[in-house]
Amino acid sequence: MVSGQLGDLAIYLALGMTILSGLAFFVTALGKRNLFDLGKKAYYLFLVFTTAAVVYLFYLFFAHDFSIEYVYGYSSSDLPFFYLLSAFWGGQEGTYLLWTFFSGLFGLIILSKGGRYKMYAMSFYSLVNL
Numbered sequence: 003m004v005s006g007q008l009g010d011l012a013i014y015l016a017l018g019m020t021i022l023s024g025l026a027f028f029v030t031a032l033g034k035r036n037l038f039d040l041g042k043k044a045y046y047l048f049l050v051f052t053t054a055a056v057v058y059l060f061y062l063f064f065a066h067d068f069s070i071e072y073v074y075g076y077s078s079s080d081l082p083f084f085y086l087l088s089a090f091w092g093g094q095e096g097t098y099l100l101w102t103f104f105s106g107l108f109g110l111i112i113l114s115k116g117g118r119y120k121m122y123a124m125s126f127y128s129l130v131n132l
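With the numbering used here applied, the sequence shown corresponds to residues 3 to 132, in that order.
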């Protein structure tokens with residue numbers, strides 16, 4: 003598998019999981035069926051795949067894999083550690099990925115502390131991550 007395809011796969015799987023979780027929470031909020039557990043598992047998988055994409059992009063930066071256009075455009079082999087670290091969010095794609103990751107972590111707080119209205123909040127919040 004080409005190195006860029008692994009990151010793309012993680013992002014596409016995260017996209018699918020956030021759509022599934024948002025729809026499952028929405029159906030539960032409407033009272034049609036209780037799909038809360040499905041939504042919760044899909045949300046966890048969304049966060050796993052997003053984390054995998056973040057870790058993989060960091061790996062590509064620190065491995066100096068210039069075959070990836072994003073790494074080529076925002077990195078250099080002579081950059082110090084902290085500049086390589088900040089190169090992650092140097093472009094629009096990395097910034098969106100980082101915000102999606104932090105947003106996903108915040109969703110965990112909603113899932114654990116949301117009370118009885120968490121299915122309503124998560125139906126909206128999951129789809130915000132699109």
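For every residue, glycine included, the Cβ atom is placed at its ideal position computed from N, Cα and C.
In this structure the stretch 14-26 touches the stretch 120-131; the number of beta carbon pairs closer than 8 Å is three or more.
Residue 101: member of the alpha helix (DSSP H) spanning 94-115, first to last residue.
A distance below 9 Å separates the beta carbons of residue 55 and residue 12. Take the alpha-carbon of residue 60 and the one of residue 87: they are about 7 Å apart. Taken through DSSP and simplified to helix, strand or coil, residue 77 comes out as coil. Residue 83 and residue 74 have their C-alpha atoms some 16 Å from each other. In terms of CA proximity to residue 121, 37 leads the group 20, 63, 37. Residue 8 and residue 41 have their C-alpha atoms spaced approximately 25 Å apart. Here the alpha carbon of residue 101 sits roughly 32 Å from the alpha carbon of residue 34. Listed in chain order, the non-local C-beta contacts of residue 76 below 7 Å within the same chain comprise 89, 92, 93, local neighbours out to five positions each way being set aside. Residue 62 holds the alpha-carbon nearest to the alpha-carbon of residue 96 among 117, 62, 113.
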